[in-house]
Amino acid sequence: MGPDDDPLEINRHVIEAFRYGGEIPGMHRDRLLLLTTRGRRTGQERTAPMMFVPPGPDLEGGAGDGRRLVVASGNGSPHDPAWFRNLVADPSVHVEVDGGDGTEAYDATARVLAGDERDREWERLVASYPFFAEHAERAGREIPLVVLEPAPAR
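Our numbering puts the first residue of the sequence shown at 389, with every later residue one more than the last.
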């Protein structure tokens, strides 16, 4: 496996390019965010790049106000991604998004969707991004959906 195949190396490249305005081949900056969680065992900050979508209008509390929906598909892995397990242990996270004229960063609280709310968002998600249904089939597990809600100003 070469450096181009190493997921950690790919993530490091994407994070650096995102933060410094570089090109990110195969990805759309307007649908990419960096999510920083605290490691559930180490306590160290861990940053992962991922796609996001705006949540639907039926979401509890509404869809606006900087909320973003992320998908813990792990590219169809049978296991939940580490970032997801970290935010379940500590839902206080940090989010970086491309604000168009620079990076916008804010603290947020991660909320894992459940029940009807999760089902509605899942149906809406796979209607626009059918590859997530393929991820779920390959993974053999229910793919968690997480809403990142901006933390109240201090």
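No residue lacks a Cβ here, since even glycine has one placed at the ideal position from N, Cα and C.
Report task. Kindly give me the distance between the Cβ atoms of V500 and T424, rounded to whole angstroms, as I take these residues to be in contact under 8 Å. Result -> With 8 Å as the limit, V500 and T424 do not qualify as a contact, their Cβ atoms being about 17 Å apart.
**Report entry** Beta-carbon proximity check, V458 vs V402, cutoff 7 Å
**Finding:** no
Query - In DSSP terms, what A493 is bridged to - result: E484
Report task. Kindly indicate which residue of D486, D468 and P395 has the alpha-carbon position closest to the one of G408. Result -> Looking at the sequence itself, residue 408 is Tyr, so the reference to Gly does not match. The option with the nearest alpha carbon to Y408 is D486.
Query raised in the report: Does DSSP put V402 in a helix, a strand or coil?
Result: helix
Report task. Could you check if E537 is buried or exposed, using at least 16 other CB atoms within 10 Å of its CB as the buried criterion? Result -> buried
Query raised in the report: What's the call for F472, buried or exposed, on a 16-neighbour Cβ count within 10 Å?
Result: buried
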